[in-house]
Amino acid sequence: MRYFIELSYNGKAYHGWQNQPNAISVQEVIEKALSTILKNDIAIIGAGRTDAGVHASQMFAHFDYKGSFELNDLVYKLNSYLPKDIAVITIFEVKHETHARFYAESRTYHYKVSTSKNVFDYDFAYQVQLPLNVDAMNQACKILFKYKDFQCFSKTNTDVKTYNCDIKEAFWTKNSNQLIFTITADRFLRNMVRAVVGTMINIGLGKLKPEDLHRIISSKDRGEAGFSVPAHGLYLVEIIYPDSIRIN
40 MRYFIELSYN GKAYHGWQNQ PNAISVQEVI EKALSTILKN DIAIIGAGRT
90 DAGVHASQMF AHFDYKGSFE LNDLVYKLNS YLPKDIAVIT IFEVKHETHA
140 RFYAESRTYH YKVSTSKNVF DYDFAYQVQL PLNVDAMNQA CKILFKYKDF
190 QCFSKTNTDV KTYNCDIKEA FWTKNSNQLI FTITADRFLR NMVRAVVGTM
240 INIGLGKLKP EDLHRIISSK DRGEAGFSVP AHGLYLVEII YPDSIRIN
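Counting from 1, position 246 in the sequence shown corresponds to residue 285 in my numbering; the numbering is continuous, with no gaps.
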(Lines of atoms letter the chains of each structure in order from A and count residues from 1; the text may use other names and numbers.)
(Lines give C-alpha, C1' and ligand atoms only; values in the text may rest on other atoms or scores of the structure.)
Protein backbone atom coordinates (compact mmCIF):
# COMPACT_ATOMS: atom_id res chain seq x y z
CA MET A 1 0.00 0.00 0.00
CA ARG A 2 1.11 3.59 -0.62
CA TYR A 3 0.38 6.27 1.95
CA PHE A 4 0.62 10.03 2.01
CA ILE A 5 1.77 11.71 5.19
CA GLU A 6 0.88 15.38 5.71
CA LEU A 7 3.12 17.24 8.12
CA SER A 8 4.48 20.58 9.24
CA TYR A 9 7.87 21.57 10.58
CA ASN A 10 9.94 24.39 11.96
CA GLY A 11 13.03 24.23 9.78
CA LYS A 12 15.42 26.12 12.05
CA ALA A 13 17.27 23.05 13.34
CA TYR A 14 17.43 21.17 10.03
CA HIS A 15 19.65 21.21 6.99
CA GLY A 16 16.63 21.20 4.71
CA TRP A 17 14.13 18.48 3.84
CA GLN A 18 16.34 16.06 1.93
CA ASN A 19 18.75 13.57 3.50
CA GLN A 20 22.32 14.85 3.78
CA PRO A 21 25.48 12.79 4.45
CA ASN A 22 26.77 14.96 7.31
CA ALA A 23 23.78 16.98 8.53
CA ILE A 24 20.37 16.35 10.05
CA SER A 25 17.34 16.64 7.74
CA VAL A 26 13.58 16.52 8.21
CA GLN A 27 13.35 13.49 5.93
CA GLU A 28 15.88 11.57 8.02
CA VAL A 29 14.05 12.22 11.28
CA ILE A 30 10.68 11.12 9.89
CA GLU A 31 12.12 8.00 8.25
CA LYS A 32 13.71 6.99 11.55
CA ALA A 33 10.41 7.49 13.39
CA LEU A 34 8.38 5.50 10.84
CA SER A 35 10.96 2.70 10.70
CA THR A 36 11.04 2.42 14.50
CA ILE A 37 7.26 2.38 14.95
CA LEU A 38 6.47 0.09 11.98
CA LYS A 39 9.53 -2.13 12.63
CA ASN A 40 10.54 -1.92 8.96
CA ASP A 41 13.01 0.17 6.98
CA ILE A 42 10.74 2.93 5.63
CA ALA A 43 11.88 5.41 2.99
CA ILE A 44 9.80 8.50 2.23
CA ILE A 45 9.74 10.79 -0.81
CA GLY A 46 8.74 14.39 -0.26
CA ALA A 47 6.80 16.79 -2.45
CA GLY A 48 9.81 19.10 -2.64
CA ARG A 49 13.23 19.93 -1.25
CA THR A 50 13.06 22.88 1.10
CA ASP A 51 16.46 24.41 1.86
CA ALA A 52 18.18 24.58 5.24
CA GLY A 53 16.20 26.75 7.64
CA VAL A 54 13.02 26.89 5.54
CA HIS A 55 9.74 26.06 7.30
CA ALA A 56 6.61 24.23 6.15
CA SER A 57 3.10 24.55 7.49
CA GLN A 58 2.07 21.92 4.92
CA MET A 59 4.35 19.30 3.40
CA PHE A 60 3.47 15.92 1.92
CA ALA A 61 5.54 12.78 1.48
CA HIS A 62 4.69 9.23 0.42
CA PHE A 63 5.85 5.86 1.68
CA ASP A 64 5.06 2.22 0.96
CA TYR A 65 4.19 -0.40 3.57
CA LYS A 66 3.00 -3.99 3.17
CA GLY A 67 1.58 -4.47 6.66
CA SER A 68 -1.47 -2.96 8.30
CA PHE A 69 -1.95 -0.22 10.87
CA GLU A 70 -4.67 2.08 12.13
CA LEU A 71 -4.17 5.50 10.56
CA ASN A 72 -5.05 7.67 13.55
CA ASP A 73 -3.03 5.45 15.85
CA LEU A 74 0.06 5.86 13.68
CA VAL A 75 -0.41 9.65 13.65
CA TYR A 76 -0.56 9.63 17.46
CA LYS A 77 2.52 7.41 17.81
CA LEU A 78 4.53 9.48 15.36
CA ASN A 79 3.70 12.75 17.10
CA SER A 80 4.70 11.18 20.42
CA TYR A 81 8.01 10.02 18.95
CA LEU A 82 8.95 13.00 16.78
CA PRO A 83 10.69 16.10 18.19
CA LYS A 84 8.65 19.19 19.02
CA ASP A 85 9.53 20.94 15.74
CA ILE A 86 7.94 18.31 13.46
CA ALA A 87 4.22 17.48 13.56
CA VAL A 88 2.21 14.92 11.61
CA ILE A 89 -1.21 16.24 10.58
CA THR A 90 -2.73 13.20 8.89
CA ILE A 91 -1.93 9.98 7.01
CA PHE A 92 -4.11 8.61 4.22
CA GLU A 93 -3.96 5.87 1.60
CA VAL A 94 -3.46 6.81 -2.06
CA LYS A 95 -3.41 4.96 -5.36
CA HIS A 96 -0.16 3.08 -5.70
CA GLU A 97 1.19 5.05 -8.66
CA THR A 98 0.76 8.40 -6.87
CA HIS A 99 4.03 10.26 -6.35
CA ALA A 100 4.24 13.07 -3.78
CA ARG A 101 6.49 15.19 -5.97
CA PHE A 102 5.28 14.53 -9.50
CA TYR A 103 1.54 14.51 -8.81
CA ALA A 104 1.49 17.91 -7.12
CA GLU A 105 -0.45 20.43 -9.23
CA SER A 106 0.76 23.55 -7.44
CA ARG A 107 2.80 24.75 -4.49
CA THR A 108 2.38 27.96 -2.51
CA TYR A 109 5.05 29.74 -0.48
CA HIS A 110 4.89 32.68 1.90
CA TYR A 111 7.83 34.91 2.68
CA LYS A 112 7.54 37.06 5.79
CA VAL A 113 9.23 40.44 6.17
CA SER A 114 9.08 42.28 9.50
CA THR A 115 9.05 46.06 8.98
CA SER A 116 9.89 46.90 12.58
CA LYS A 117 12.15 45.30 15.15
CA ASN A 118 10.23 42.47 16.76
CA VAL A 119 11.93 40.16 19.26
CA PHE A 120 9.23 37.50 18.86
CA ASP A 121 9.57 36.93 15.12
CA TYR A 122 13.30 37.56 14.82
CA ASP A 123 13.90 33.91 13.86
CA PHE A 124 10.83 33.63 11.64
CA ALA A 125 10.73 36.78 9.49
CA TYR A 126 13.35 38.84 7.67
CA GLN A 127 13.85 42.23 9.31
CA VAL A 128 13.70 45.22 6.93
CA GLN A 129 13.19 48.46 8.83
CA LEU A 130 13.71 50.85 5.89
CA PRO A 131 10.48 51.99 4.17
CA LEU A 132 9.32 49.69 1.36
CA ASN A 133 7.11 50.77 -1.55
CA VAL A 134 4.61 47.92 -1.54
CA ASP A 135 2.72 49.32 -4.54
CA ALA A 136 5.89 49.13 -6.64
CA MET A 137 6.54 45.60 -5.42
CA ASN A 138 3.03 44.55 -6.45
CA GLN A 139 3.52 46.19 -9.86
CA ALA A 140 6.59 44.00 -10.27
CA CYS A 141 4.55 40.92 -9.31
CA LYS A 142 2.31 41.46 -12.34
CA ILE A 143 5.35 41.31 -14.61
CA LEU A 144 6.15 37.78 -13.40
CA PHE A 145 2.99 36.50 -15.14
CA LYS A 146 4.37 37.54 -18.53
CA TYR A 147 7.22 35.02 -18.37
CA LYS A 148 7.84 31.28 -18.06
CA ASP A 149 11.65 31.00 -17.98
CA PHE A 150 13.01 32.07 -14.58
CA GLN A 151 16.64 31.01 -14.92
CA CYS A 152 17.70 34.40 -13.53
CA PHE A 153 16.26 33.41 -10.13
CA SER A 154 17.75 29.90 -10.02
CA LYS A 155 20.90 28.66 -8.35
CA THR A 156 23.58 27.89 -10.90
CA ASN A 157 24.80 24.35 -11.62
CA THR A 158 21.46 22.71 -10.90
CA ASP A 159 20.42 19.49 -12.64
CA VAL A 160 17.05 20.71 -13.95
CA LYS A 161 16.07 20.10 -17.57
CA THR A 162 14.04 23.31 -17.85
CA TYR A 163 13.82 26.63 -16.04
CA ASN A 164 10.16 27.07 -16.97
CA CYS A 165 7.61 27.64 -14.20
CA ASP A 166 3.94 28.53 -14.48
CA ILE A 167 3.35 31.22 -11.86
CA LYS A 168 -0.34 31.26 -10.93
CA GLU A 169 -0.33 34.04 -8.30
CA ALA A 170 2.16 36.48 -6.78
CA PHE A 171 1.37 39.41 -4.50
CA TRP A 172 2.35 41.30 -1.35
CA THR A 173 0.02 41.99 1.56
CA LYS A 174 0.60 44.09 4.67
CA ASN A 175 -0.44 42.78 8.08
CA SER A 176 0.32 45.20 10.92
CA ASN A 177 4.15 45.46 10.98
CA GLN A 178 4.67 42.51 8.66
CA LEU A 179 4.69 42.10 4.89
CA ILE A 180 3.83 38.72 3.43
CA PHE A 181 4.73 37.68 -0.10
CA THR A 182 2.54 34.92 -1.56
CA ILE A 183 3.58 33.02 -4.66
CA THR A 184 1.98 29.95 -6.25
CA ALA A 185 3.35 27.96 -9.19
CA ASP A 186 3.33 24.46 -10.62
CA ARG A 187 7.02 24.13 -9.68
CA PHE A 188 9.89 26.21 -8.31
CA LEU A 189 13.59 26.30 -9.06
CA ARG A 190 16.23 26.02 -6.35
CA ASN A 191 16.44 29.28 -4.39
CA MET A 192 13.85 30.84 -6.73
CA VAL A 193 11.47 32.31 -4.16
CA ARG A 194 14.25 33.80 -2.05
CA ALA A 195 15.81 35.39 -5.15
CA VAL A 196 12.46 36.79 -6.29
CA VAL A 197 11.86 38.30 -2.84
CA GLY A 198 15.35 39.83 -2.74
CA THR A 199 14.73 41.44 -6.13
CA MET A 200 11.31 42.70 -4.98
CA ILE A 201 12.84 44.23 -1.86
CA ASN A 202 15.35 46.11 -4.04
CA ILE A 203 12.37 47.42 -5.99
CA GLY A 204 10.60 48.37 -2.76
CA LEU A 205 13.71 50.24 -1.60
CA GLY A 206 13.92 52.15 -4.89
CA LYS A 207 17.16 50.51 -6.00
CA LEU A 208 15.32 49.06 -9.00
CA LYS A 209 12.17 50.04 -10.88
CA PRO A 210 9.38 47.51 -11.46
CA GLU A 211 10.02 47.58 -15.21
CA ASP A 212 13.64 46.53 -14.60
CA LEU A 213 12.21 43.07 -13.99
CA HIS A 214 11.75 42.64 -17.77
CA ARG A 215 15.49 43.08 -18.33
CA ILE A 216 16.41 40.87 -15.37
CA ILE A 217 14.21 37.94 -16.41
CA SER A 218 15.21 38.20 -20.08
CA SER A 219 18.90 38.12 -19.14
CA LYS A 220 18.61 34.59 -17.69
CA ASP A 221 21.54 35.65 -15.51
CA ARG A 222 21.42 35.11 -11.74
CA GLY A 223 23.86 37.97 -11.33
CA GLU A 224 21.31 40.44 -12.73
CA ALA A 225 18.66 39.58 -10.11
CA GLY A 226 18.62 40.73 -6.49
CA PHE A 227 20.12 39.16 -3.40
CA SER A 228 18.79 35.95 -1.89
CA VAL A 229 16.87 36.70 1.30
CA PRO A 230 17.52 34.51 4.39
CA ALA A 231 15.82 31.13 4.63
CA HIS A 232 14.17 31.71 8.01
CA GLY A 233 11.41 33.92 6.51
CA LEU A 234 10.29 31.31 3.96
CA TYR A 235 7.35 28.95 4.48
CA LEU A 236 5.90 26.24 2.26
CA VAL A 237 2.21 26.67 3.06
CA GLU A 238 0.14 24.65 0.58
CA ILE A 239 0.48 21.82 -1.93
CA ILE A 240 -2.47 20.90 -4.13
CA TYR A 241 -3.11 17.40 -5.49
CA PRO A 242 -5.97 16.06 -7.60
CA ASP A 243 -8.75 14.56 -5.49
CA SER A 244 -8.52 11.36 -7.53
CA ILE A 245 -5.30 10.23 -5.80
CA ARG A 246 -7.11 9.22 -2.61
CA ILE A 247 -8.49 5.80 -1.78
CA ASN A 248 -11.69 6.08 0.27
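All residues carry an ideal CB built from backbone N, CA and C; glycine is no exception.
Being a predicted model, the structure only gives us computed values, none of them experimental.
- From the listed residues V173, R229, A179, P249, the smallest Cα separation to L218 is found for V173.
- Non-local C-beta neighbours of Q97 in its own chain, meaning closer than 7 Å and more than five positions away in sequence, comprise E45, S47, L275, V276, E277, I278, ordered along the chain.
- Nearest neighbour of K248 by Cα position, chosen from A264, D260, S107, K123, turns out to be A264.
- DSSP, reduced to helix, strand and coil, places Q168 outside both helices and strands of the structure shown, so it counts as coil.
- Distance check between S258 and each of H149, F184, Q190 places Q190 closest, using alpha-carbon atoms only.
- Cα atoms of F99 and S153: separation of roughly 28 Å, rounded to the nearest angstrom.
- Annotation: the continuous beta strand (DSSP E) that includes T129 extends over 125 to 133.
- Under the three-state reduction of DSSP output, D188 falls in the strand class.
- Between the stretch 176 to 185 and the stretch 238 to 252 there are three or more inter-stretch CB-CB distances shorter than 8 Å, so the stretches are counted as touching.
- Comparing C-alpha distances from G87 to each of Y202, L117, A270, R140 shows the shortest one belongs to R140.
- By the neighbour-count criterion, in which 16 or more other beta carbons inside 10 Å mark a residue as buried, T197 falls on the exposed side.
- Comparing alpha-carbon positions, the option among H135, N118, G85 lying closest to V127 turns out to be N118.
- Distance from the CA of V158 to the CA of K134, rounded to the nearest whole angstrom, comes to 46 Å.
- Counting along the chain, the unbroken beta strand (DSSP E) around E277 starts and ends at 273 to 279.
- The beta carbon of Y142 is closer than 8 Å to those of Y280, P281, I284 in its chain, skipping five residues each way along the sequence.
- The C-alpha of P170 lies about 7 Å from the C-alpha of L244.
- F99 has E45 as its beta-bridge partners, per DSSP.
- At the C-beta level, A234 and S267 come within 8 Å of one another.
- Pairing Y165 with L273, the inter-Cα distance amounts to about 9 Å.
- Scanning F220, S74, A270 for the CA closest to the CA of H149 turns up F220.
- Residue nearest to G237 within the set L121, G85, S193 is S193 (criterion: CA-CA distance).
- In terms of Cα proximity to G106, the closest of N79, I240, N287 is N79.
- Taking a C-beta distance under 8 Å as the contact criterion, K187 and C204 qualify as a contact pair.
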